[in-house]
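Chains as they are written, first to last, in our numbering: chain A, 109 to 219; chain B, 66 to 176.
Working notes, beginning with the structure itself.
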Amino acid sequence: RKEVEQDPGPFNVPEGATVAFNCTYSNSASQSFFWYRQDCRKEPKLLMSVYSSGNEDGRFTAQLNRASQYISLLIRDSKLSDSATYLCVVNLMDSSYKLIFGSGTRLLVRP
Amino acid sequence: DVKVTQSSRYLVKRTGEKVFLECVQDMDHENMFWYRQDPGLGLRLIYFSYDVKMKEKGDIPEGYSVSREKKERFSLILESASTNQTSMYLCASSAQGSFQFFGPGTRLTVL
């Protein structure tokens, strides 16, 4: 079983739609969580951190469910520019300093 | 503005050549990482370093070595390039336990 699992998509939605991605992680010791965005042929960039209480940044909302070991990303009022791959990332916060990346969920927003 | 730079965006090498990929960060980060990214496999960690002259194997270190002589610079070395090392190579850096900033990537083709 992969340590971080995501639905690869693609999610194909019209502009203005609301779309949600889930991500599950296998290690209950995971301590910090992030969503990264990666455009085609570009490097991943941090979209937002995910806090236990949930957090919002404009049209983006991230939630963490420790009991079920998943995190989610909700995008409201989708824009064409939201088309990208969204990577779910977890950190064990142990001595390894490593982040564990999911394979990504691809989003296509159509006019 | 924070920055991670990589020496080349595109590189073409022949089988058996020794290949050096350089990464420099200007954020005084302790940790630096080398990943490769392949379609369907996501980001896979090759090596990381949490201090000058320190290195740790990641998930796929075979065929690679690294060097960190200065805090800001982390080099990835392919001792004898092979065709299965054709990939996108991404360097990243982070402060302790924090999210990672990525460089623009080097697309390496081994013929």
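Don't be surprised by glycine CBs; every beta carbon is placed ideally from N, CA and C.
Every value quoted in this text rests on a predicted model; they were computed, and no experiment measured them.
- The segment 110 to 118 of chain B and the segment 95 to 102 of chain B touch, with three or more beta-carbon pairs separated by less than 8 Å.
- The three-state secondary structure of L188(A), taken from DSSP, is helix.
- Within chain B, the residues L155, F167, G168, P169 and G170 have their CB atoms less than 8 Å from the CB of E151(A), given in chain order.
- Around the beta carbon of T148(B), fewer than 16 other beta carbons sit within 10 angstroms, so the residue counts as exposed.
- No residue range can be given for K136(B), since it is assigned to no beta strand (DSSP E) and is classified by DSSP as neither H nor E.
- Here Q177(A) is near S136(A), since their CB atoms are less than 9 Å apart.
- For S72(B), DSSP assigns no beta-bridge partner whatsoever.
- Listed along chain B, the residues sitting closer than 7 Å to G210(A) by beta-carbon distance are G107.
- Within 10 angstroms of the beta-carbon of E151(A) lie 16 or more other beta-carbons, which makes it buried.
- Interface annotation, P116(A): in contact with chain B, CB-CB separation under 9 Å.
- At a cut-off of 9 Å between beta carbons, K187(A) makes no contact with chain B.
- Taking the Cα positions, K120(B) is about 15 Å away from S159(B).
- Excluding sequence positions up to five before and after D103(B), its CB lies within less than 8 Å of the CB of R109, S152 and M153, all in the same chain and listed in chain order.
- Look at S160(A): its C-beta is not under 9 Å from any C-beta on chain B.
- Here Q150(B) carries a helix assignment [DSSP, helix/strand/coil].
- DSSP places R172(B) in the uninterrupted beta strand (DSSP E) bounded by T171 to V175.
- Pairing N199(A) with Q165(B), the inter-Cα distance amounts to about 11 Å.
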